[in-house]
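Trainee: Pasting in a structure now, in structure tokens, and then I'll have a few things to ask.
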Amino acid sequence: MAKVIAVFAELESDTIGMRVSSAHEHLRREGRYTGGRVPYGYMVVPNPNGAGKVLAVNEDEAKTIKRIVERVLAKDSLMQIINDLNKEGVPSPGHTSRQTTGKRSDSKQWYTTTLRSMLGNPQLLGQVIEDGKPILRTDGLPLVNRPPILDTDTWQMLQDELERRANPGEKRREGTSLLRGIMHCGVCGERMYTFSGRNGQLRYRCIGPLKYRQRAAKGEEKQGVKCYGPTVAGVTTEEHVTEQFLAKYGHLSVMRMVQEVGEDFRPQIRQAEEALADLQKDRYDRGLFKGDDGAIRYAEQYAKLEERLASLKERQRTAKPGGVKAEPTGETHAEQWKRSDVAGKRDLLLNAGGYVEVAPARRGGKKLDISRLSVYFGEEGHMRRAAAAEENKPEAEAADSQG
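Start counting the sequence shown at 14; every next residue gets the next number (the working numbering).
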């Protein structure tokens, strides 16, 4: 008897849980706020159309988001952006002034992980999120029941930029040296990294000798050029490259790449495919859609989603491609350089095609001989850096652990 009672108690608990979950989803579909963390950019207000509460746009936070997005698209580093937010005292998304329940923090401090999470949250489009995924309508599209903070085009450009920064070829550590990934050895072509020389002075050193020893120890046939590891003074080299960069680009406007509106139905296709998969799990794994009525409802929803998916795939096949155009940000390279941190300045150099090749030093030379430095920008710089990256591709990630 005790086991029977326990089984019925468990069934009752599961039933109540499903009812509560179903009730919450129903309220969310109606645009009602059901508790939990308040997404950044929104605030909880009384429902103007009836009972309960809803989420409305917090204008101050929405302005902060749009300002952040503009800076990200202008190639400002995330570290620089959060430093400015912290200096301004802007409360972070999890601060107690914003959250009344759940996990909260007394610190207003922003972090890059916080910023990335916020910028990648589709709730900025007004979508309703449940368990980390958008709630979908029966046609497979995300449910939108609150005013969006970003339009779809801006959102897509933002995600493309964040994805570009996450690409292994673009990775860098915060607080990196100015010429990391830009400075290359003229003997073996390897990258040069920072170290502290005598008296703690910053210097750049070729990593070639270490690579050569590693290849030799592994018995690799292709060990590369046996390089002695040239070094060069860090501060004076950085000053010289900065001078060259500002002379060439300082007066020119920083350009922002703007995506011209095209047609891309791939996100909707993915969402429709996920909805089909979830619907199948609901029936065959979770045991929903039971009985004849359930089978009919399942078949109807499945047919709608299949029809929607087929329609989207056909529209994608004939979709009008978008384009990219450059437009001025209203700020010169010199102005942006002046307000940027090291990471931001490095991004400016990379975007300009910055590539520096260091020739071997002459015997007896103590001061930096500028003639050792070959500085390239523009198309030639981009091509040289791409060629160096391709040649050293197998060890690129291992080298990133250096200074």
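For glycine and all other residues, C-beta sits at the position ideal for the given N, C-alpha and C.
1. Decide if Gly300 is buried, meaning its Cβ has at least 16 other Cβ atoms within 10 Å, or exposed.
2. Evaluate the contact criterion for the segment 282-295 versus the segment 316-329: three or more CB pairs, one atom per stretch, below 8 Å.
3. Taking the alpha carbon of Met56 as the point to measure from, which residue in Gly65, Arg50, Asn71, Lys66 has its own alpha carbon closest?
4. Quick one, are the C-beta atoms of Ala75 and Ile162 less than 7 Å apart?
5. Compare the Cα-Cα distances from Leu325 to each of Val271, Met196, Asp277 and report the closest residue.
6. Grab the span of the beta strand (DSSP E) containing Thr244 for me, first residue to last.
7. Considering just the uninterrupted stretch of the beta strand (DSSP E) at Val58, what are its terminal residues?
8. Report yes or no: is there a C-beta of chain D within less than 7 Å of the C-beta of Arg375?
9. Sort out for me which residues DSSP pairs Val371 with in a bridge.
10. Given a cut-off of 7 Å, decide if Trp168 and Leu128 are closer than it, judged by their beta-carbon atoms.
11. Between the C-alpha atoms of Pro280 and Thr165, what's the straight-line distance to the nearest angstrom?
12. Taking only three categories from DSSP, how would you classify Ala399?
13. Output the distance between the C-alpha atoms of Leu273 and Arg216, rounded to the nearest integer angstrom.
14. Please work out which residues of its chain come closer than 8 Å, Cβ to Cβ, to Gly133, disregarding the five sequence neighbours upstream and downstream, and give them in chain order.
15. Looking only at its chain, what residues have a beta carbon closer than 7 Å to the beta carbon of Gly242, apart from the 5 residues adjacent to it on each side?
16. Please go through the same chain and pick out, in chain order, the residues whose beta-carbon is closer than 7 Å to the beta-carbon of Lys88, but skip the five residues on each side of it.
17. Mind checking which residues open and close the beta strand (DSSP E) that includes Tyr206?
18. State buried or exposed for Arg330, treating a residue as buried only when at least 16 other CB atoms are found within 10 Å of its CB.
Mentor: Judging by the given coordinates:
1. For the purposes of this step, residue 300 is taken as residue 287 along the sequence shown, with counting starting at 1. Gly300 is exposed by the Cβ-count criterion.
2. yes
3. Reading the sequence shown from its first residue, position 43 is the one you call residue 56. Comparing Cα-Cα distances from Met56 to each of Gly65, Arg50, Asn71, Lys66, the minimum goes to Asn71.
4. Residue 75 sits at position 62 when you count from the first residue of the sequence shown. Residue 162 sits at position 149 when you count from the first residue of the sequence shown. In this structure, Ile162 lies closer than 7 Å to Ala75 by Cβ.
5. Reading the sequence shown from its first residue, position 312 is the one you call residue 325. Ranking Val271, Met196, Asp277 by Cα distance to Leu325 puts Asp277 first.
6. On the sequence shown, residue 244 is found 231 positions in, with the first residue counted as 1. From DSSP, the beta strand (DSSP E) with Thr244 extends over 244-246.
7. By 1-based counting over the sequence shown, the position of residue 58 is 45. Note, Val58: beta strand (DSSP E), 55-59.
8. In summary, chain D is missing from the structure at hand, where a single protein chain is found.
9. As a working mapping, residue 371 is identified with position 358 in the sequence shown. The partner list for Val371 (beta bridge, DSSP) reads Cys198, Leu386.
10. One-based indexing of the sequence shown puts residue 128 at position 115. One-based indexing of the sequence shown puts residue 168 at position 155. Not in contact: Leu128 and Trp168 (Cβ atoms no closer than 7 Å).
11. Within the sequence shown, the letter at position 267 stands for residue 280. Within the sequence shown, the letter at position 152 stands for residue 165. Approximately 11 Å between the Cα atoms of the pair.
12. As a first step, residue 399 must be located in the sequence shown, where it is residue number 386. If DSSP states are grouped into helix, strand and coil, Ala399 belongs with the helices.
13. One-based indexing of the sequence shown puts residue 273 at position 260. One-based indexing of the sequence shown puts residue 216 at position 203. The displayed chain sequence assigns Glu, not Leu, to residue 273. C-alpha separation (whole angstroms): 44 Å.
14. Locating residue 133 in the sequence shown gives position 120, where the first residue counts as 1. Taken in chain order, the residues that qualify are Gln172, Leu175.
15. Here residue 242 is taken as the residue at index 229 of the sequence shown, counted from 1. Excluding sequence neighbours, Gly242 sits near Arg218, Cys219, Gly221, Pro222.
16. The residue you call residue 88 lines up with position 75 of the sequence shown. Hits under 7 Å: Asp360, Asn364.
17. For the purposes of this step, residue 206 is taken as residue 193 along the sequence shown, with counting starting at 1. Where Tyr206 is concerned, the enclosing beta strand (DSSP E) stretches over 205-209.
18. One-based indexing of the sequence shown puts residue 330 at position 317. Flag for Arg330 reads exposed.
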